[in-house]
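I have placed the structure first, in the form of structure tokens, so that the comments after it can refer back to it.
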Amino acid sequence: MTLDTEDEILKDFMIEAEEILDGLNEQLVALESQPQDKELLNAIFRGFHTIKGGAGFLSLEAMVTLCHQGEDVFNLLRQGERQVDADMMDTFLKVLDSLNSMFDELKAGHYPSPAEPVILQQLSAYLDPSAPTPTPAPSPVPEAASTATDEDITDSEFEALLDQLHGTAAPGSQPAASSHADTGAPALSDSTEGDMTEEEFEALLDELQGKRPTPANLETKSEPVQPVRPEAKPSESVVNPLPAENKVQPQSTNKPAAPSVETSVRVDTARLDDIMNMVGELVLVRNRINTLETAFENEEMAKAVNNLALVTADLQTAVMKTRMQPIKKVFGRFPRVVRDLARNLKKDINLELRGEETDLDKNLVEALADPLVHLVRNAVDHGIEMPDVREAAGKPRTGQIVLGAAQEGDHILLTIADDGAGMNPEVLRRKAVEKGMMDADSAARLTESECFALIFAPGFSMKQEISDISGRGVGMDVVKTSITKLNGVIDIQSEMGKGTTLSIKVPLTLAIMPTLMVMLGKQIFAFPLVNVNEIFNLDLRHTNTVDGQQTVMVRNKALPLFYLRKWLTRDTPDAVKPETEHVVIVNIGTRKVGLVVDQLIGQEEVVIKPLGALLHGIKGLAGATITGDGRIALILDFPELMASYASRSY
1 MTLDTEDEIL KDFMIEAEEI LDGLNEQLVA LESQPQDKEL LNAIFRGFHT IKGGAGFLSL
61 EAMVTLCHQG EDVFNLLRQG ERQVDADMMD TFLKVLDSLN SMFDELKAGH YPSPAEPVIL
121 QQLSAYLDPS APTPTPAPSP VPEAASTATD EDITDSEFEA LLDQLHGTAA PGSQPAASSH
181 ADTGAPALSD STEGDMTEEE FEALLDELQG KRPTPANLET KSEPVQPVRP EAKPSESVVN
241 PLPAENKVQP QSTNKPAAPS VETSVRVDTA RLDDIMNMVG ELVLVRNRIN TLETAFENEE
301 MAKAVNNLAL VTADLQTAVM KTRMQPIKKV FGRFPRVVRD LARNLKKDIN LELRGEETDL
361 DKNLVEALAD PLVHLVRNAV DHGIEMPDVR EAAGKPRTGQ IVLGAAQEGD HILLTIADDG
421 AGMNPEVLRR KAVEKGMMDA DSAARLTESE CFALIFAPGF SMKQEISDIS GRGVGMDVVK
481 TSITKLNGVI DIQSEMGKGT TLSIKVPLTL AIMPTLMVML GKQIFAFPLV NVNEIFNLDL
541 RHTNTVDGQQ TVMVRNKALP LFYLRKWLTR DTPDAVKPET EHVVIVNIGT RKVGLVVDQL
601 IGQEEVVIKP LGALLHGIKG LAGATITGDG RIALILDFPE LMASYASRSY
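Under UniProt numbering, the very last position in the sequence shown is 650; numbers go up by exactly one each time.
What follows is the structure, encoded as structure tokens:
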């Protein structure tokens, strides 16, 4: 049976459930080290309870059953009747995995499959043996709701009672709530027992309001509950203290206040993309007007153009912020990844997260998830040593991995640092020679940074044995490719015996890119500014040739020199070669190269446009844009450009 994935209620539930499941992933891992944390236990309990409520409304019985069992176990834990142990944690994580699988089925439009019976049996075993095994109800209405209101009251009285419990009723009607509570209503006394937090109380009331009993349900009395209050008349204890004029008043006072609770609204990402595209077009118009304005000597027009530039920049920033998400959305999965992998490898590892609130474009957040997972797994497997080895080296038995994020200007810096064994440059050189990547002389000339960069080569691995975790030499190559596609760069710093730090630098957004505009012949090209290291004029008489490659000395280091005009244009070379040329030093991964250009135009923010059919598939081009004077500029992709052209004899 399939679900209607376009149903608005289902969409809302899936959005909320995804957020809760992400939170549960972090909370459950944190619980293992803080088993007595009451707030943590309450938060996990609320997570299961909320998912159960929404799933019950949508008749997702498999989710209801599993969440109900988990909720019961956490109710015992928060009341102190049981203690968290390692086996219990394994079961909880299996429950979370099962819920995630069910959620994936939901996204595919199918009703979720039931959880494995062994998981439900394990949960049942953790419940108090003196109590009957909980039977999940098909409806998400808590048991408290059916026992607390077994008296005959009208809809308006029911609403008034809820308002009193919320604390919004008139002062004159407050005794009704206290009277109801004092008479031993199970809804409050049984479910809280002094431990219920304000958030749980509000959640319970929200459920009651959303699933208000019908008059038929109210008339049905529960026989076991009758002896609890033999001396009181239920209808009098609830209704009599309520003056007639106050029965409607709480409803009227609540209605105007409702809109103030809504402080946010969910917007489809496609709409945000459309708005961002329109802002991009506005940026192009601004650039065009800036260019035209220079032809006029009009002070008023200059002021108007400056104001337009400021407003456009503010609008661009505001729209970008609407697309931003905290990197925590990605970081949240790593405590579980490290925990499971460390247990599998029998290592002791502590993961520290820093800068979780750093904001990044939503598309980048999603694109960074897989590369970061691989880098963290790599740090656990390759970086951190076994506890006995660490102890013998004078280190703590527990290894440390720090995952951090910080904003630096218009870029985000991500770091993955470990205090493990570090990388040995000599071993990397030897591996490169063994795999036929280079000869011994070339390997000996590699700097430490160039040695570390070898791990990004396809098929390169430091592992002696292939496992299900690593050793195939594929992952790091994919990581570098993924980061490059995001216009990012990755760098490695490592020290033997002290650890390794990988740094990833990516732009805040991919929609608008700062560039350096240059001329090659009669065509304009845009260099992504993130790749540009420095610019200078070069006297061509001061170049050297090493192994057949023309080089230029920059800060006592020989860098290869290439003439882009020969690669990218068909213009005939000038009859008389100039004595000096403009050289742009660009970063390509951990390497630097010099590129000779004909003319420097200046910096400009551009909007990346896809290439047309004629240019699509040409190596070294990332896209195109429109310059301020209305001409077309081609945006270069340096890693692909160098891979395609550098081996040619130019």
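No residue lacks a Cβ here, since even glycine has one placed at the ideal position from N, Cα and C.
- With respect to the C-alpha of Glu116, the residue from Ser101, Gly109, Leu127 having the closest C-alpha is Ser101.
- Excluding residues up to 5 positions away in sequence, Val402, Thr501 lie with their Cβ nearer than 6 angstroms to the Cβ of Ala417 in the same chain.
- A distance of 8 angstroms or more separates the beta carbons of Leu284 and Val518.
- Along the length of the UniProt domain "CheW-like" (512-647), whole alpha helix (DSSP H) runs at least 4 residues long occupy 564-568, 638-645, reported in chain order.
- With a contact defined as Cβ atoms closer than 8 angstroms, Asn25 and Leu96 qualify at about 6 angstroms.
- Shown here for Ala309: same chain residues with a beta carbon closer than 8 angstroms to its own, the five before and five after excluded, namely Arg286, Asn290 in chain order.
- Counting only runs of at least 4 residues, the stretch 260-340 fully encloses the following alpha helix (DSSP H) elements, listed from N- to C-terminal order: 269-293, 299-322, 328-331.
- When DSSP states are grouped into helix, strand and coil, Asp87 belongs to the helix group.
- Here the stretch 56-64 lies against the stretch 7-27, with 3 or more beta-carbon pairs under 8 angstroms apart.
- Per DSSP, reduced to three states, the secondary structure at Asp104 is helical.
- Taking the C-beta atoms as reference points, Val583 is found no nearer than 8 angstroms to Val593.
- For the 8 angstroms CB-CB criterion, Asp410 and Leu508 form a contact.
- Take the alpha-carbon of Leu614 and the one of Thr569: they are about 16 angstroms apart.
- Between the stretch 523-530 and the stretch 437-446, the count of Cβ pairs shorter than 8 angstroms is below three; the stretches do not touch.
- Take the alpha-carbon of Gly436 and the one of Thr294: they are about 57 angstroms apart.
- Cβ atoms of Val330 and Leu292 stay farther apart than 8 angstroms, at about 43 angstroms.
- A distance below 8 angstroms between beta-carbons, with the five flanking residues on each side excluded, links Arg541 to the following residues of its chain, in chain order: Glu579.
- Look at Arg445 here: in three-state DSSP terms it is coil, with no helix or strand label.
- Taken through DSSP and simplified to helix, strand or coil, Thr398 comes out as coil.
- Segment contact: the stretch 384-393 against the stretch 356-367, fewer than three CB-CB distances shorter than 8 angstroms; contact not assigned.
- Under the three-state reduction of DSSP, Ile384 is assigned to coil, being neither helix nor strand.
- Under DSSP, Thr2 shares a beta bridge with His110.
- The beta carbons of Gly70 and Phe48 sit closer together than 8 angstroms.
- Fewer than three Cβ pairs drawn from the stretch 339-354 and the stretch 444-459 lie within less than 8 angstroms of each other, which leaves the two stretches out of contact.
- Asp340 places its beta carbon 8 angstroms or farther from that of Gly399.
- Per DSSP, reduced to three states, the secondary structure at Asp72 is helical.
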